[in-house]
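Residues in the sequence shown are numbered from 12 upward in steps of one, following my numbering.
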Amino acid sequence: MKKFLVIVFLVAATLIFGQVFFGNIHAHTSYSDGQGTPEEAFEHARNSGVVDIQAITDHDHDLNYKLPDGSWKLDRIIEMAKKYTVEGEFIAISGFEWTLTSRGHITIYNTSEWIDRSTTDLYDIYQWIVDRQATAQFCHPGRNYGDFFDFEYFPEVDLYINTIEVGNGAGSNSNNVIKEEYFERYQRALNRGWHVGASANQDNHQKQWATVNDARTAFIIDELTTDKVYEALKTRNIYATEDRNAYIAFVTEGAKMGDILYDIHKATLRVEYSDLGEPVRRAAVYSNNGVVELDVSGDEWIIELNVDNPLSYNWYFVKIDQIDGNEIVSSPIWFQSSTNKYLLNARTISPKPVKGLPFEIGFDLINSLREDQLISVEVKSGEKTILDKDYEVSSMTCAEITETLETEEAALDFFVDGELAFRINVDFVSFLTHLDTSHENYFVTELKPLTQFFLELGGEVRPVIGELTEKTTFSGQVLILPLPDSDTFMKDFMEISEKQIDFIVDYVENGGLLVIVLAKKEITHSSIESYKLLFEKLPWVVELENGGRSVSGTSTGNLEIENGGGVVILTWDEATGKASIDEGTKGYIEFKLGLR
Numbered sequence: 012m013k014k015f016l017v018i019v020f021l022v023a024a025t026l027i028f029g030q031v032f033f034g035n036i037h038a039h040t041s042y043s044d045g046q047g048t049p050e051e052a053f054e055h056a057r058n059s060g061v062v063d064i065q066a067i068t069d070h071d072h073d074l075n076y077k078l079p080d081g082s083w084k085l086d087r088i089i090e091m092a093k094k095y096t097v098e099g100e101f102i103a104i105s106g107f108e109w110t111l112t113s114r115g116h117i118t119i120y121n122t123s124e125w126i127d128r129s130t131t132d133l134y135d136i137y138q139w140i141v142d143r144q145a146t147a148q149f150c151h152p153g154r155n156y157g158d159f160f161d162f163e164y165f166p167e168v169d170l171y172i173n174t175i176e177v178g179n180g181a182g183s184n185s186n187n188v189i190k191e192e193y194f195e196r197y198q199r200a201l202n203r204g205w206h207v208g209a210s211a212n213q214d215n216h217q218k219q220w221a222t223v224n225d226a227r228t229a230f231i232i233d234e235l236t237t238d239k240v241y242e243a244l245k246t247r248n249i250y251a252t253e254d255r256n257a258y259i260a261f262v263t264e265g266a267k268m269g270d271i272l273y274d275i276h277k278a279t280l281r282v283e284y285s286d287l288g289e290p291v292r293r294a295a296v297y298s299n300n301g302v303v304e305l306d307v308s309g310d311e312w313i314i315e316l317n318v319d320n321p322l323s324y325n326w327y328f329v330k331i332d333q334i335d336g337n338e339i340v341s342s343p344i345w346f347q348s349s350t351n352k353y354l355l356n357a358r359t360i361s362p363k364p365v366k367g368l369p370f371e372i373g374f375d376l377i378n379s380l381r382e383d384q385l386i387s388v389e390v391k392s393g394e395k396t397i398l399d400k401d402y403e404v405s406s407m408t409c410a411e412i413t414e415t416l417e418t419e420e421a422a423l424d425f426f427v428d429g430e431l432a433f434r435i436n437v438d439f440v441s442f443l444t445h446l447d448t449s450h451e452n453y454f455v456t457e458l459k460p461l462t463q464f465f466l467e468l469g470g471e472v473r474p475v476i477g478e479l480t481e482k483t484t485f486s487g488q489v490l491i492l493p494l495p496d497s498d499t500f501m502k503d504f505m506e507i508s509e510k511q512i513d514f515i516v517d518y519v520e521n522g523g524l525l526v527i528v529l530a531k532k533e534i535t536h537s538s539i540e541s542y543k544l545l546f547e548k549l550p551w552v553v554e555l556e557n558g559g560r561s562v563s564g565t566s567t568g569n570l571e572i573e574n575g576g577g578v579v580i581l582t583w584d585e586a587t588g589k590a591s592i593d594e595g596t597k598g599y600i601e602f603k604l605g606l607r
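Structure below.
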């Protein structure tokens, strides 16, 4: 994010934010895995005086069971929401939570129907939401409950899933509901293209709806009515707070948090904060272009930040940390191209490609229009064009594209129909080393001195997880093959197959560098014969001895293949740092990698 100017205003009087109302839009009762009834929940929340809005969102699969009087649970929740709503005073919301752990949980509001997880997957619930034009929320995204296939993006679904929990209390009495994982997943969703506002909710499972902690979803609305509450959810005019009465505003010319603006290349962002007696420790504006720390202090202030919007898709939100530990996270403001065609999530498929070799890139190409589009993509480094290609993308579709590039330029700019859409810097390495761990030779920790040596030469080291394949072997410039652990219980996995022996030999003859680490202890198992066979098939007269602990037939331990690669033999002590690798061997490795 490019910063031009920051202006701080000291506030001498009460800040004018417009109307802000506080709610809790994720909670359960005994209709699923909580306690009490929806009637008790709405009554408790309304009488507490600490929230203006309360939702009940019991789990979908528990709604299949009727109440003793034969009525459906969701119908009763809807009935109680209407009963306890007093327009202008308290809004009760009905909903349910679709819960398919490993995929993700979604709360869905204001529908007369529900759908059971046992008959649906994530894509099914997405379609269900679209068909009913429902209002929905991503809940507690992360490892435990799922992150929606890494927030795979669907433009049509994006119209209806409008919020995401950056805070979820799971019924805890702690105010610490905004978790690092949720906060990171919030940014990931934004970077994939989702237009979601930030919420913080209690996820109650006991009879303390709205009162168990101070987590709130704040609604920025003109008046407290049911229609305005649902409108705020749809337009993302909300923010997440761990403080029950912290007031913030995040605005720009004619827009507030949650809004989308088009074709504005420069803007002034204004942040307002007021919570008497609760000074801030830190405030920052986050964006897809970086983070800007705000120079503010105290319990009441206004600050302005001038920014450029260099890309065709830009988002900004503010995060405020109070001295007492409470956190506040706003919804974003988006600045986008009116073409409604975007390129996001550009990256190298391999995190660190090898410089000088072709490498794959991936990106998401988004068509948010109601007609199919032919979208032109150009990848440039400076004035040099690396890729220029047209793609047919169906209406309201996100296409995941993979291409192969050949360039040594690190700074890549992606253009869509001539507009700058994305920038990446390729993190090249000089070479790639694979460390075999698939033959009962998982010595990642013990071999750190050896792998560190290759890292310091400018390479990357990747352990081979699973079977050692020809494709994996040939994708790197170095293969470290430690002989197996003689003490393993899984002795059947110690042996290398004849197929593996053959492609390892081919790898060396075609330019690869094989580094063999001799055995830690004498190998008495028959698997040692497979390693002896490898030595026999290599073009040298070297034999394994002492159960793989030593070799005979060479004085240097290095094999030079004419017009090919090479082999290096290291003892266990040399590879683990207990003994030094001689300078001749180090020089040979550097020579084979083209570093000398």
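Each residue gets a CB set at the ideal place from its N, CA and C atoms; glycine is no exception. On a predicted model such as this, the values are computed, not experimentally measured, just so you know.
Relative to Val282, the option among Glu304, Asn299, Tyr273 and Phe602 whose CA is nearest is Glu304. If you draw a straight line from the Cα of His116 to the Cα of His70, it is about 10 Å long.
Within its own chain, the residues whose Cβ lies closer than 6 Å to the Cβ of Thr246, once the five positions on either side in sequence are excluded, are Gly269, listed in chain order. Ser541: member of the alpha helix (DSSP H) spanning Ile539 to Lys548, first to last residue. With contact defined as three or more Cβ pairs closer than 8 Å, the region 442-461 and the region 478-497 are in contact. Pairwise C-beta distances place the region 238-252 out of contact with the region 83-91, as fewer than three of them are shorter than 8 Å. In the three-state DSSP reduction, Arg57 falls in the helix class (H, G or I). Judged by their CB atoms, Tyr156 and Thr112 are nearer to each other than the 8 Å cut-off.
Put simply, the backbone Cα of Ser449 is about 55 Å away from that of Thr279. Excluding sequence positions up to five before and after Glu430, its CB lies within less than 6 Å of the CB of Ser323 and Ser348, all in the same chain and listed in chain order.
Within the DSSP bridge table, the entry for Phe230 names Phe32 and Ile249 as partners.
Rounded to whole angstroms, Ala221 and Gly182 show a C-alpha spacing of 10 Å.
Under DSSP, Lys400 shares a beta bridge with Val388. The Cβ-Cβ distance between Val318 and Phe328 does not fall below 8 Å. Secondary structure note for Arg128: it is in no beta strand (DSSP E), with a DSSP letter that is neither H nor E. Pro474 has Leu446 as its beta-bridge partners, per DSSP.
Fewer than three Cβ pairs drawn from the region 92-99 and the region 217-233 lie within less than 8 Å of each other, which leaves the two stretches out of contact. Straight-line measurement puts the Cα of Lys391 at about 32 Å from the Cα of Phe159. Contact check for Glu124 and Met91: beta-carbon distance about 17 Å, past the 8 Å limit, so the pair fails to qualify.
Annotation: Leu287 to Glu311 spans about 7 Å, alpha carbon to alpha carbon. Distance between Arg128 and Leu555, taken at the CA atoms: about 58 Å.
Proximity to Asn300 across Asn436, Ala243 and Leu380 peaks at Asn436, based on C-alpha coordinates. Distance from Ala147 to Tyr171 at the Cβ level is roughly 6 Å; contact confirmed, criterion being Cβ atoms closer than 8 Å. Straight across, the Cα-Cα distance linking His37 with Ala52 is about 12 Å. Between the region 576-588 and the region 528-543, the count of Cβ pairs shorter than 8 Å is three or higher; the stretches touch. Ranking Ile136, Asp73, Tyr76 and Ile67 by CA distance to the CA of Ile102 puts Ile67 first.
The residue among Thr263, Gly265, Arg255 and Gln333 with its C-alpha nearest the C-alpha of Val291 is Gln333. Boundaries for Ala103: no alpha helix (DSSP H) harbours it, while the beta strand (DSSP E) harbouring it runs Ile102 to Leu111, taken from the DSSP string. In the structure shown, the three-state DSSP call for Leu170 is coil.
Remark: C-beta atoms of Ile476 and Leu524 do not approach each other more closely than 8 Å. For Glu283, the enclosing beta strand (DSSP E) starts and ends at Lys277 to Ser285. With a cutoff of 8 Å on beta-carbon distance, Leu235 and Asp63 are scored as near each other. By the C-beta density criterion, Glu394 is exposed, having fewer than 16 other C-beta atoms within 10 angstroms.
Secondary structure note for Tyr297: its beta strand (DSSP E) is the uninterrupted segment Val291 to Ser298.
Fully enclosed beta strand (DSSP E) runs of no fewer than 3 residues occupy 324-333, 338-341, 344-347, 352-359 and 370-378 of the region 315-380, in order along the chain. The three-state secondary structure of Trp583, taken from DSSP, is helix.
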